[in-house]
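Numbers 567 to 744, taken from the numbering used here, label the letters of the sequence shown in order.
Here a beta-carbon is modelled for each residue, glycine too, at the ideal position from N, C-alpha and C.
Every value quoted in this text rests on a predicted model; they were computed, and no experiment measured them.
Right, one structure below, let's go through it.
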Amino acid sequence: MMNFVAMDFETANQHPASACSLALVLVRDSKIIDRFYTVINPQMAFDAQQVKVHDITADDVAGAPTMAEVWPKIQPLFQPGMLVAAHNARFDCNVMKQSLARYGIAEPHYLVIDSLKVSRELEPGLENYQLNTVSDLLGVELWHHHNALSDSEACAGILLKEEEKRGSDLMKQFVYQV
């Protein structure tokens with residue numbers, strides 16, 4: 567049985583410290599048991615290209631908490647030994663690290679599993695490994711691509727489908743430390 571939190575960030579611009587939304591999906595005993603979503607005020611300018619991708623504007627986050635204000639609520643999920651999942655985890659882990667660093671908050675250390683890497687290894691031959699492509703292949707619902715909550719749920723769904731098909735022991739080989 568897998569226990570993890572699936573994470574997805576959207577950013578205001580190309581800078582990794584510009585988190586403007588975050589979603590976390592809590593999985594216990596291979597079942598989604600809770601969800602968390604918030605917009606974040608990145609205290610940075612929004613890039614029109616990014617807004618086109620995720621539909622979040624500066625007006626949408628004007629009264630939202632900063633990452634420094636969100637962190638105390640989510641910090642318990644990002645401890646050594648805790649497993650965090652993301653699709654293209656390098657991106658999301660870097661957004662977390664850089665967004666916290668802006669406020670002088672130390673980088674958390676935790677275990678990571680990347681559903682992108684899992685998919686590339688276990689589902690060879692796809693035209694691409696974007697979240698929507700892998701979700702379609704595995705029959706995982708992705709109700710609004712580039713909405714952080716939808717993307718987190720899809721990431722969790724991909725890992726749960728792969729665990730169901732192949733067993734949790736195989737999934738452990740994809741876990742690494744940050």
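| Check | Outcome |
| --- | --- |
| Start-end ranges of the beta strand (DSSP E) lying completely within the segment 637-694, minimum 3 residues | 649-652 and 677-680 |
| Boundaries of the alpha helix (DSSP H) in which S794 is found, first to last residue | Residue 794 lies beyond the range of the chain shown here (567 to 744); nothing can be said about it. |
| Buried or exposed (CB count within 10 angstroms, at least 16 for buried), G723 | buried |
| Separation of R668 from V744, as counted between CA atoms | 19 Å |
| Cβ-Cβ distance between D574 and A652 below 8 Å | yes |
| Spatially closest choice to Q664 from E576, L688, S584 and N698, by CA coordinates | S584 |
| Cβ-Cβ distance between K683 and F644 below 8 Å | no |
| Supposed contact pair V593 and N569 - C-beta distance, whole angstroms, cut 8 Å | 6 Å |
| Neighbour flag for R601 against chain C, beta carbons, 8 Å | Here chain C cannot be found, since the structure has a single protein chain. |
| Reference Y742, options I679, E689 and V706, closest by Cα | I679 |
| Residue environment, L692, which counts as buried when at least 16 other CB atoms sit within 10 Å | exposed |
| Simplified DSSP assignment, three categories, for V571 | strand |
| Whole-angstrom C-beta distance between S685 and A589, which should lie under 8 Å | Between S685 and A589 the Cβ distance is about 19 Å, and since that is not below 8 Å, they are no contact. |
| Cα-Cα separation between G647 and N579, rounded to whole angstroms | 31 Å |
| Identified DSSP bridge partners for Q743 | L677 |
| Opposing strand residues paired with K597 [DSSP bridges] | R594 |
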